[in-house]
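Here's the structure, in structure tokens; my notes come after.
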Amino acid sequence: MAIVQTRRNHPLALNPAIKSTNFLNNVLAKIESLKSGAYEGIMLNWEGFIAEGTISNIFLVRKGVLATPHVDSGILEGVTRGLVLYLARKQRLQIKESLLRPKDLYEADECFLTNTTLEVMPVTTVDGRTIGDGRPGPVTKALMKAYTVEVTRHV
Numbered sequence: 021m022a023i024v025q026t027r028r029n030h031p032l033a034l035n036p037a038i039k040s041t042n043f044l045n046n047v048l049a050k051i052e053s054l055k056s057g058a059y060e061g062i063m064l065n066w067e068g069f070i071a072e073g074t075i076s077n078i079f080l081v082r083k084g085v086l087a088t089p090h091v092d093s094g095i096l097e098g099v100t101r102g103l104v105l106y107l108a109r110k111q112r113l114q115i116k117e118s119l120l121r122p123k124d125l126y127e128a129d130e131c132f133l134t135n136t137t138l139e140v141m142p143v144t145t146v147d148g149r150t151i152g153d154g155r156p157g158p159v160t161k162a163l164m165k166a167y168t169v170e171v172t173r174h175v
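Okay, here's the thing in structure tokens:
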């Protein structure tokens, strides 16, 4: 995973709550991430805060606290993101939806991405830096399991 230079659209230019076919910034960011050898690119917003991936929402864990960018960061409030937050609350995890800087990601103990296809996908490196000990952590594993159980109940 890599933080890319292509920025997330400003919400006044294109409201992130509208999931439309206008994914030009996301496509450009995806191309940028692939050129750098990363599977996914993390886009910053117009102020330099972490927004989201080109096809995913991002979560990180630091000292047991689950953090994710606040919707005011200019993100698409994904359905899978919402389900993961619900599952985290059920597990009584401390959750922080806030403005996150790249430094927060680099210093995270755990990181994972969410979307309907990826579900809950652990991230072990970003920009060539190891996240935590380089393996999926306990919070990520617990949420992966809870997600699988929840989705399986509805199939």
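Residue numbers (the numbering used here): 21 to 175.
From the three backbone atoms N, C-alpha and C, an ideal C-beta is built for every residue, glycine too.
- A distance of 8 Å or more separates the beta carbons of LEU86 and LEU120.
- In the same chain as ALA58, and ignoring 5 residues on each side of it, the C-beta atoms closer than 6 Å to its own belong to MET21 and ALA22, in chain order.
- Distance from THR134 to PHE79 at the Cβ level is roughly 7 Å; contact confirmed, criterion being Cβ atoms closer than 8 Å.
- If you check the CB distance, GLU52 and VAL24 come in under 8 Å.
- For GLY157, same chain residues with a beta-carbon under 7 Å away, outside a window of 5 residues either side, are VAL81, ASP129 and GLU130 in chain order.
- 8 Å or more divides the Cβ of PRO31 from the Cβ of GLY84.
- Rounded to whole angstroms, the gap between the alpha carbons of VAL104 and GLU170 is 10 Å.
- Counting only residues of its own chain and dropping the five nearest sequence neighbours on each side, VAL140 has a CB closer than 6 Å to the CB of PHE132, THR134, LEU163, MET164 and TYR167.
- Take VAL99, set aside five residues on each side of it, and the residues of its chain with a beta-carbon closer than 8 Å to its own are THR136, in chain order.
- Contact between ARG27 and MET63 is confirmed by a C-beta separation of about 6 Å, below the 8 Å threshold.
- Here the alpha carbons of ALA71 and GLN111 stand approximately 25 Å from one another.
- Cβ-Cβ distances below 7 Å link ASP147 to ALA22 and ILE23 in the same chain, with the five nearest sequence neighbours on each side left out; the list follows chain order.
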